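*Asks:* Sequence positions in the sequence shown follow this note's numbering and run 373 to 556.
Glycine included, C-beta positions come from ideal geometry on N, C-alpha and C.
Keep in mind the model is a prediction, meaning the values are calculated, not measured.
Starting off with a structure, shown below.
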Amino acid sequence: MGMKLRRPELKCGTPPVDLLEQVAERGAGLRSPHQASCPYCQLALRELERAWQPVEQLRAEEVRPPPGLLERIMQRVRAEVEDWQLELEHRRGLTRIPGSVLATLAFWGASGVPGVGQVRLVKARRPADGETGQLAFELELVLEYGCSAAEVAEVVREQISAHLLWLVGVAVGAIEVAVVDIES
């Protein structure tokens, strides 16, 4: 014995999903000749319009990106355009790691430090051409309320240095930390 699925219908035979689509497309006021004379369609349209009002209110609200999102996106775009690569020579060949990847590794290293609420910005700086200096980083941190900024910054420096040495095999020089906010 086969099972047959039926689409729900009003008593007049109109599928409610069609009326919902009409309301969602802001066409509830534009009624067909059938809808104009059908009490079932009229009642369903009124109920659907009432139920759809919160959706319309949300649709009318202006969408605002979170503070700083556009700035962070543009910094990322600029970083991609201006990106450089760290070149590591090995006996079997050359390994290139973009500065943006090094910045991401530093980000994850700093993110795990107790007392760090958010890492907002990480910039990796390479040594000047011809220099044998070390990598340097600039970070902007949001700390959790009650933490010692000096202690957290020092742990962040140690963590990033250890993280980059372990993952990439390079020593890190200066790590500049700016505490830009406190979260509770």
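Tell me which residue opens and which closes the beta strand (DSSP E) that Gln425 is part of.
*Replies:* Run containing Gln425: none in the beta strand (DSSP E); it sits in the alpha helix (DSSP H), Pro411 to Ala432.
*Asks:* To which residues of the same chain is Leu515 closer than 7 Å at the C-beta, ignoring the five residues directly before and after it?
*Replies:* The answer, listed in chain order, is Gly487, Val488, Gly489, Ala521, Val524, Val551 and Ile554.
*Asks:* If you draw a straight line from the C-alpha of Pro405 to the C-alpha of Arg492, how long is it?
*Replies:* One C-alpha to the other measures close to 59 Å.
*Asks:* Cα separation between Leu458 and Gly471?
*Replies:* Leu458 and Gly471: Cα-Cα distance of roughly 7 Å.
*Asks:* Go ahead and label Gly518 buried or exposed: buried means 16 or more other beta carbons lie within 10 angstroms of its beta carbon, across all protein chains shown.
*Replies:* The residue is exposed, with fewer than 16 neighbouring Cβ atoms inside 10 Å.
*Asks:* Rounding to the nearest angstrom, what Cα-Cα distance links Leu382 and Glu421 in this structure?
*Replies:* Leu382 and Glu421: Cα-Cα distance of roughly 16 Å.
*Asks:* Span of the beta strand (DSSP E) holding Asp553?
*Replies:* That run of the beta strand (DSSP E) goes Val544 to Glu555.
*Asks:* Return helix, strand or coil for Pro405, following the three-state DSSP convention.
*Replies:* It is helical.
*Asks:* Taking just the CA atoms, how far does Val540 sit from Val453?
*Replies:* C-alpha separation (whole angstroms): 23 Å.
*Asks:* Taking 8 Å as the cut-off, decide whether the C-beta atoms of Gly545 and Gln506 are in contact.
*Replies:* Contact: yes.
*Asks:* Let's see if you can read the secondary structure: which residues bound the beta strand (DSSP E) around Leu513?
*Replies:* First-last of the beta strand (DSSP E) with Leu513: Leu507 to Glu516.
*Asks:* With C-beta atoms as the reference, is Pro387 less than 8 Å away from Arg379?
*Replies:* In this structure, Arg379 lies closer than 8 Å to Pro387 by Cβ.
*Asks:* What does the alpha-carbon distance come out to for the pair Gln429 and Val395?
*Replies:* Rounded to the nearest angstrom, the two C-alpha atoms are 14 Å apart.
*Asks:* From the DSSP output, in three-state form, read off Arg448 for me.
*Replies:* Reduced to three states, the DSSP call for Arg448 is helix.
*Asks:* Name the one or two DSSP bridge partners that Arg497 has.
*Replies:* According to DSSP, Arg497 bridges with Ala508.
*Asks:* Apart from the five residues on each side of it in sequence, which residues of its chain come closer than 8 Å, Cβ to Cβ, to Gly440?
*Replies:* Closer than 8 Å at the Cβ level, and outside the excluded window around Gly440, lie Arg492.
*Asks:* With a threshold of 6 Å on Cβ separation, who are the neighbours of Ser556 within its own chain once the five nearest residues in sequence on each side are excluded?
*Replies:* Here the set comprises Tyr517.
*Asks:* To which residues of the same chain is Ile445 closer than 6 Å at the C-beta, ignoring the five residues directly before and after it?
*Replies:* Within the same chain, Ile445 has no close Cβ partners at all.
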